[in-house]
Amino acid sequence: MLLWAASAVRADDKEFADLKARLLRLEQRNEKLEKQNERLARQNEQLEQRFDRLLKGECNGMGPVSAAAYPPAGNIERERLERAVDDYLEARDEAKKRPDEDKEKEADAPGYEVGSDLAFKTFWKEGFSAETANKDFRVHVGGRVHADAGWFAPDDNLQSLAGPAGWLDGADFRRLRLRGDGTMYEVLDWVLEIDFQTAVGGTSNHPVPTDAYVSLTHLPLVGALDIGHYKEPFSFDDYGTPDNYVLLMERSDADNAFGPARNMGLMLHNTAFDDRVIWATGVFRTNSDNASGNAFDYGDGEYASTSRVVFMPYYANDGRCWFLFGGAYSHRILDPDEASSRFRFSSRIPIRVGSPAFVDTGNLIADDDDLFNVQAALVSGPLMLQAEFYNAQVHDIRRALIAASQPRLLDAAFNGFYTQASYLLTGEYHPIDRDRARMNRVRPNENFFCVETGDKDGGRGFGHGQGAWELVARYEYLDVGSDALGAFPAVPGVPGSAAAAVAGAGIEQDVAVGVNWYLSPNARLMINYVHAFRNVPGTTGDGDVDALGARAIFDF
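So the sequence shown is numbered by our numbering: it starts at 334 and just counts up by one.
See the structure below:
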């Protein structure tokens, strides 16, 4: 009996120990499950936050994701949410890997003999192009049409600026050009562009060259050498923004006054540090910018050296986000004895059709001048901000005589700046070419179209695309006034010693706003409103002008 009781007690103790062990294991498992549940809750919250950012189309380089493709996070199961984010992340990772894979394939690919395959393939890439399989030969044929209209409402005391008839509304072609460009033998690029809009600006009603040059590429260390007629590497507003991609109808007043524009010359340009530094430097003639109807310039020692350096510390998300800053300098030698070697700083209001010079130094004689520029631009998705400062230092300006055969020599400083902001309402962005730090074209997410759909049996309707819409605003300031351009009394006994004040040398301030409608990558409609103010000390020619402008752009 005692043995049986002892055996029963041992059995109960063993069963109790087993129950205790099982309870301990259950508690441990429960604790583990609670931790796992907390971890899953955190992951779910993170996924929902990431998915919300994805739906908002933040600056990710892949473009905004349609909400219809994946419903809001609160309305779908966790599995669908995870799948949506995983699909996107996988696509983004693949997009990041692709350039590296392409580089590896290119490095592993066998070489080829230049010119060994001259069969051209034609295609349309925002213009008509043809190229060989090895891309050692390429040709593009295109052109551009910029058709403008303008309406003006100046103060009465500004009417005389435009001559006896005053400011007249009108329409004309701002640019009307045919262009060819391409590559030969892989290392020789070429551009030939002719402008047929030659009725204004001092030209002689005949076509003139704009860009006409060859470029020797793939040069060790220096990159490329351009030879011919093209824009000097100076401002972001001019050199960094091709005519087809300006956001308002005209560039800033300061750039119009101080920018050297196009001239004959030689220029080296290249990039460094993985395209983080972009530089260009060249030597040019000083007066071959087509102002006299051609691209030719004659004189003794009239040369300019112009350089630009730009830093791009930030470039992300396949070009949807970037930031650059930099500067430019140009030293320009003039010939006081050559009638064509003159400096003139002038600007119209930012609507050009029929508008006269608003502030103007006139043609003045000097020995040389130095131009300085500081530039910065930022793109963050659809938002773009840019600003520039300009300064000009002119030396030994001739203002009448102070003694027989002895000119009065004076120095003068002029300056200007602008700030500009734009926003693409439909989510596009402004890309940039990193090889020269120059703007490229906006490509709408959806081209404009409006067509009839359906048939007479099934009912008719309309299908449409909206294109891309953009708002732009700019404030600008330009001062081309100086004491050196004021009046000087006659010196007793010295004929020709008196000098009148330069009538147009003063200050211009503008506020310009605009709307851009990008119908496609090749076509755009623009509407601009400008309020401009003129202040020229010592004259009665001060006042305001309001102007409205419109432009239709087509390029290919």
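All C-beta atoms, glycine included, are put in the ideal place defined by N, C-alpha and C.
Computed from a predicted structure; not experimentally measured.
N-terminal and C-terminal residue of the alpha helix (DSSP H) that residue i is part of
i: Ala613; result: Ala613 -> not in any alpha helix (DSSP H); beta strand (DSSP E) instead, spanning 610 to 618.
Cβ distance (whole Å) where residue i is taken to contact residue j below 8 Å
i: Tyr723; j: Ala587; result: 4 Å
i: Val478; j: Phe781; result: About 18 Å; that fails the 8 Å criterion.
i: Ser663; j: Ala637; result: 6 Å
i: Arg653; j: Gly714; result: 6 Å
i: Val878; j: Leu491; result: 6 Å
i: Ile730; j: Leu697; result: 6 Å
i: Phe889; j: Gly448; result: Contact doesn't hold; Cβ gap of about 28 Å is too wide.
i: Ala754; j: Gln726; result: The pair is not a contact, with the Cβ atoms about 30 Å apart (cut-off 8 Å).
i: Phe529; j: Arg510; result: 7 Å
i: Pro566; j: Ala613; result: 4 Å
i: Arg776; j: Pro669; result: So it is not a contact: roughly 50 Å between Cβ atoms.
i: Ser688; j: Asn589; result: So it is not a contact: roughly 12 Å between Cβ atoms.
Segment limits, beta strand (DSSP E) that includes residue i
i: Asn589; result: Looking at the DSSP string, Asn589 is not in any beta strand (DSSP E); the run it does join, the alpha helix (DSSP H), is 586 to 591.
i: Asp879; result: 876 to 888
i: Ser688; result: From DSSP, Ser688 is part of no beta strand (DSSP E); its letter is neither H nor E.
i: His664; result: 654 to 666
i: Pro542; result: 541 to 552
i: Gln719; result: 716 to 736
i: Gln530; result: Careful: Gln530 lies outside any beta strand (DSSP E) and carries neither H nor E.
i: Pro305; result: This structure gives no information on residue 305, because the portion of the chain shown stretches from 334 to 889.
i: Ala834; result: First-last for Ala834: undefined, no H or E at that position.
i: Ser638; result: 636 to 649
i: Phe678; result: Per DSSP, Phe678 belongs to no beta strand (DSSP E) and is neither H nor E.
i: Glu809; result: 801 to 812
i: Ile698; result: It is not in any beta strand (DSSP E) - Ile698 carries neither H nor E in the DSSP assignment.
i: Tyr862; result: 856 to 868
i: Tyr751; result: 739 to 757
i: Asp488; result: No beta strand (DSSP E) contains Asp488, which DSSP labels as neither H nor E.
i: Asp559; result: 556 to 564
i: Met600; result: 595 to 605
i: Asp450; result: No beta strand (DSSP E) holds Asp450; DSSP gives it neither H nor E.
i: Gly515; result: 503 to 517
i: Glu785; result: 782 to 788
i: Glu464; result: 461 to 465
Neighbour-count burial assignment, residue i, 16 or more Cβ in a 10 Å radius
i: Pro593; result: buried
i: Thr639; result: buried
i: Gly871; result: exposed
i: Lys454; result: exposed
i: Ala833; result: exposed
i: Trp457; result: exposed
i: Gln719; result: buried
i: Leu357; result: exposed
i: Leu667; result: buried
i: Val784; result: exposed
i: Leu494; result: buried
i: Tyr518; result: exposed
i: Arg665; result: buried
i: His797; result: exposed
i: Ser399; result: Residue confidence is low: Ser399 scores 45 on pLDDT, short of 50, so the model does not pin down where it sits. No coordinate-derived value is stated.
i: Arg618; result: buried
i: Thr786; result: exposed
i: Phe571; result: Per the sequence shown, residue 571 should be read as Asp rather than Phe. That one is buried.
Cutoff 9 Å: residue i Cβ touching any chain B Cβ
i: Glu427; result: No chain B appears in the structure shown, which is made up of a single protein chain.
Neighbourhood of residue i by C-beta distance below 8 Å, restricted to the same chain and skipping five residues each side
i: Arg375; result: none
i: Ala733; result: Pro740, Arg741, Phe821, Gly829, Ser830, Ala831, Ala832
i: Ala504; result: Ala480, Asp481, Ala482, Gly483, Val686
i: Val827; result: Leu734, Ile735, Ala736, Ala737
Same chain only: Cβ atoms within 6 Å of residue i, ignoring 5 sequence neighbours per side
i: Leu599; result: Ile560, Gly615, Val616
i: Val643; result: Ile611, Leu657, Gly659, Ala770
i: Ala463; result: Phe453, Thr455, Val472
i: Gly839; result: Val692, Gly814, Asn868, Val869
i: Gly837; result: Val692, Asp693
i: Ala486; result: Asp879
i: Asp608; result: Arg767
i: Leu711; result: Phe656, Leu718
i: Asp502; result: Trp484
i: Arg355; result: none
i: Gly819; result: Ala834
Same chain, Cβ closer than 7 Å to residue i, neighbours up to 5 away in sequence not counted
i: Ile684; result: Gly483, Met582, Glu583, Asn861, Val863, Ala880, Gly882
i: Glu360; result: none
i: Ala885; result: Ala480, Leu858
i: Ser894; result: Here the chain covers residues 334 to 889 and nothing more, so residue 894 does not appear.
Next item on the list: Spell out a yes or no on whether the region 811 to 819 and the region 763 to 773 are touching, meaning 3 or more CB-CB pairs, one atom from each, closer than 8 Å.
Entry: Taking a contact to require three or more Cβ pairs closer than 8 Å, the region 811 to 819 and the region 763 to 773 do not qualify as touching.
Check: Does the region 645 to 661 touch the region 704 to 716, meaning 3 or more C-beta pairs lie closer than 8 Å?
Finding: They touch, by the three-pair rule.
Check: Contact between the region 516 to 530 and the region 547 to 567: three or more CB pairs below 8 Å?
Finding: Counting C-beta pairs with one atom in each stretch, the region 516 to 530 and the region 547 to 567 have three or more that are closer than 8 Å, which means they touch.
Note to self: Does the region 471 to 489 come into contact with the region 497 to 514, if we say contact requires no fewer than three beta-carbon pairs (one atom in each stretch) closer than 8 Å?
What the structure shows: Taking a cut-off of 8 Å on C-beta distances, the region 471 to 489 touches the region 497 to 514, as three or more cross pairs fall below it.
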